[in-house]
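Since the structure comes first, as structure tokens, the remarks are kept for the end.
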Amino acid sequence: MQNNIKTSRLAAVRRLYVYWIAFVSQIAMLIGINELVGVIGRAWLEREAAMGDVFFRTAAAGSISVLVVATPIFLIHWGVAQHFCNEPSERSSLWRKLFLYVSTAAALIILLSNSGRLLSEISWLAFGGTIGAAEIWPVGWLQWSFMAAIGAGLIYQWYTVLSADGDFGKETRPARWVRQLFLCIASLIGLGITIWGAHTGLQIGLQIVLDRIFWVSDPNWWQRPLSSGVSQVLIGAWLTHAIWRQWQDAAELNPAEGRSVIRRVYLYLSVLIGAITALTPAALLLREGVLMVIGGGAGSLAVLLDRMTGPVSFIPVGAAIWGWSWTTLRKETDTYGDSKESATVRRVYTYLVTATGLALLWVGAVELLHALIDAALVGDVWREPLANGIALLAVGVPTWTIFWRRAQSIAERDDATGAIERNSWPRRLYLYGVALVGALVLLFTLAQVVYRILLAVMGEPDAMLSSSELAYRLADSIVAGLLWALHLLALRADGRFDRPVEVAVGMVQNPDERRAALEAHIAWLEAELAAARAELAKLESRS
1 MQNNIKTSRL AAVRRLYVYW IAFVSQIAML IGINELVGVI GRAWLEREAA
51 MGDVFFRTAA AGSISVLVVA TPIFLIHWGV AQHFCNEPSE RSSLWRKLFL
101 YVSTAAALII LLSNSGRLLS EISWLAFGGT IGAAEIWPVG WLQWSFMAAI
151 GAGLIYQWYT VLSADGDFGK ETRPARWVRQ LFLCIASLIG LGITIWGAHT
201 GLQIGLQIVL DRIFWVSDPN WWQRPLSSGV SQVLIGAWLT HAIWRQWQDA
251 AELNPAEGRS VIRRVYLYLS VLIGAITALT PAALLLREGV LMVIGGGAGS
301 LAVLLDRMTG PVSFIPVGAA IWGWSWTTLR KETDTYGDSK ESATVRRVYT
351 YLVTATGLAL LWVGAVELLH ALIDAALVGD VWREPLANGI ALLAVGVPTW
401 TIFWRRAQSI AERDDATGAI ERNSWPRRLY LYGVALVGAL VLLFTLAQVV
451 YRILLAVMGE PDAMLSSSEL AYRLADSIVA GLLWALHLLA LRADGRFDRP
501 VEVAVGMVQN PDERRAALEA HIAWLEAELA AARAELAKLE SRS
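Residue numbers for the sequence shown, in full-length UniProt numbering: 1 to 543.
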């Protein structure tokens, strides 16, 4: 037994060394190749460099020396790694998966960055750019195309190795987390690139329309930014689709993948990103609209419309991402069900959005009351707070109401589902967190009110009961007190369900719902049991 433990530790040290050196030497190789292709391209196509040129000689020697040293080091260490890949423990090891997925990420960066530059320049030429001013000519096309091909080849190579390992989608837990984190991060990056590129394209289109209506500017100003937006949309959409397709392949091989924590985290983050991208600029537009109606807008209509092209262009993009993510999430839940961990992710999402909506509602209500106080006691300074309050309430009220009622509808059930919801840590954290913040705000604001009342009673001339500062604190106290009381009542209602969770679990009123929950739980247990048996077989094969 001790010999097996010692052998396992030595193997872990060996893997750390081999894969780390292989990765570093691989990156050095790629840097050397990129520099060498650039130098050769300039010497061949620009015909300005010669072997006697100092810059050419220095650059060529530097890149070649890196390749001469890094290439054999990489090949030797990768050969050592592949020598041990016949062992199941080697193929499923954490360090091997880290190397393969981080190397894939590096290859993706090379492919996307060079393809993006190539597509941007091609789009710019298609929009009317001149070849003489393009970076693609005479050297750029060669270097970018070659490096993009290198990146694509490496992606294919590492994907082939991962498939040959035989455990794709069925890895043991640490290796599975590496794959899922890679897929999650890459998908979110692709989503972000797509959103920004689509926003840029829509903004440029709106700006062109406004320019033709209100003023005349350089007719070709839009070519560069629009070409950049087009390349970002193409690159981001491809990356998002390719990564999601790979994740779907893993879920088809192992249905438990469909309800994994990191996969659900990605989907909920996508929903949040889409909602924020759509609702934030919508609130800004509403604020500007309110200011125009009440006479608080600054500048001409042309200036206002020009300022709003950015927010407006985000709304359809965010709405599309929001709709796709939510639809996909619903399908995933219906198809694969929920595990205990994915249900926790759902609760975290629900109460996080609920807390965000509550914060917007809270601040919006305070701003609105302050605007009314300003109109009554201060003077002509109420327009900005009023517009802010209305915009915040327009987003915060429906957000908080929808998600709070959804959470309450589950927590108020007198069955196992309701008991689990009431005793879940996301709900407790939300309720006690809001109660704590409400109590602190109430304590501070009421103390200020009492302080000013005492000053007025003692004859302080600047502490009149009608002062705006006192009214502000009273308004803050009212809002904080109402929300504090509401959440204390929710805590008290949860406490009235005195049936222990242990007794409540297993008592679902709806038999179909209980049957579906049991089937999903059994499938998850079977997947975990299969993974445990596979790991046990590996341990027994070593002894």
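Cβ coordinates follow ideal geometry from the N, Cα and C atoms, glycine included. Since this is a predicted model, take the numbers as computed values, not measurements.
For residue 553, three-class secondary structure by DSSP: Coverage of the chain is limited to positions 1 through 543, which leaves residue 553 absent and any answer about it impossible.
Does any CB atom of chain D fall closer than 8 Å to the CB of residue 112? The structure shown has no chain D; it contains just one protein chain.
Quick test of your reading: residue 382 and residue 365, contact by CB under 8 Å. State the CB separation rounded to the nearest angstrom. Rounded, the Cβ-Cβ distance is 15 Å, inconsistent with contact.
Consult DSSP for residue 34 and reduce its assignment to one of helix, strand or coil. helix
Residues in the same chain with beta-carbon distance under 7 Å from residue 506, minus the five sequence neighbours each way, listed in chain order, please. Below a pLDDT of 50, predicted positions are generally treated as unreliable, and residue 506, at 44, falls in that range; the measurement from the model is reported next regardless. Closer than 7 Å at Cβ, skipping near neighbours: 416.
Go ahead and label residue 522 buried or exposed: buried means 16 or more other beta carbons lie within 10 angstroms of its beta carbon, across all protein chains shown. It counts as exposed.
Alpha helix (DSSP H) segment containing residue 350, residue limits: Residues 340–373.
Whole-angstrom distance between residue 313 and residue 343, CA atom to CA atom: Distance from the CA of residue 343 to the CA of residue 313, rounded to the nearest whole angstrom, comes to 34 Å.
Starting from residue 243, follow the alpha helix (DSSP H) in both directions and report where the run begins and ends. 223–253
Considering only residues of the region 141–211, which uninterrupted alpha helix (DSSP H) runs meet the minimum length of 4 residues and lie entirely inside it, listed in chain order? 141–165
List the endpoints of the continuous alpha helix (DSSP H) containing residue 103. 94–126 is the extent of the alpha helix (DSSP H) around residue 103.
Would you identify the three-state DSSP class for residue 315, choosing helix, strand or coil? helix
Distance between beta carbons of residue 222 and residue 275, contact taken as under 8 Å: Wrong, their Cβ atoms sit about 30 Å apart, outside the cutoff.
Buried or exposed: residue 414, going by 16 or more other Cβ atoms within 10 Å of its Cβ? Its Cβ having fewer than 16 others within 10 Å, residue 414 is exposed.
Output needed for residue 540: all residues of its chain with C-beta closer than 6 Å, excluding positions within five of it in sequence on either side, in chain order. Take residue 540, set aside five residues on each side of it, and no residue of its chain has a beta-carbon closer than 6 Å to its own.
Test item: CB-CB of residue 255 and residue 348 under 8 Å: no
Is the beta carbon of residue 98 closer than 8 Å to that of residue 159? Contact flag unset, no.
Thinking residue 101 and residue 24 are a contact (beta carbons under 8 Å), I'd like their distance in whole angstroms, please. Rounded, the Cβ-Cβ distance is 16 Å, inconsistent with contact.
So, at 7 Å on beta carbons, what are the nonlocal neighbours of residue 21 in its own chain, with the 5 sequence-adjacent residues on each side left out? 73, 77
Pairing CB atoms from the region 440–458 with CB atoms from the region 526–533, are three or more of them under 8 Å? no
So for residue 308, helix, strand or coil by DSSP? helix
Could you check the C-alpha separation between residue 449 and residue 455 for me, to the nearest Å? In this model, residue 449 and residue 455 are separated by some 10 Å (Cα to Cα).
Tell me whether residue 412 sits in a helix, a strand or coil according to DSSP, three-state version. coil
In this structure, how does DSSP classify residue 497 when only helix, strand and coil are distinguished? coil
Taking the continuous alpha helix (DSSP H) assigned at residue 444, which residues delimit it? 425–457
When the Cα atoms are used, what is the spatial distance from residue 273 to residue 327? 14 Å
Excluding sequence positions up to five away, which residues of its chain have a Cβ less than 7 Å from the Cβ of residue 363? 392
Answer yes or no: do residue 121 and residue 140 have a C-beta to C-beta separation smaller than 8 Å? yes
Limits of the unbroken alpha helix (DSSP H) element including residue 267: Note, residue 267: alpha helix (DSSP H), 261–293.
Whether residue 107 touches residue 31 by CB criterion (8 Å): Their beta carbons are not under 8 Å apart, which means residue 107 does not touch residue 31 by this criterion.
Assuming residue 225 contacts residue 94 (C-beta within less than 8 Å), just tell me the rounded distance between them. With a Cβ gap of about 43 Å, residue 225 and residue 94 do not count as contacting.
Residue 282 versus 271, 303, 315, residue with shortest Cα-Cα distance: 315
How would you label residue 114, buried or exposed, when you count the other beta carbons within 10 angstroms and need 16 or more for buried? buried
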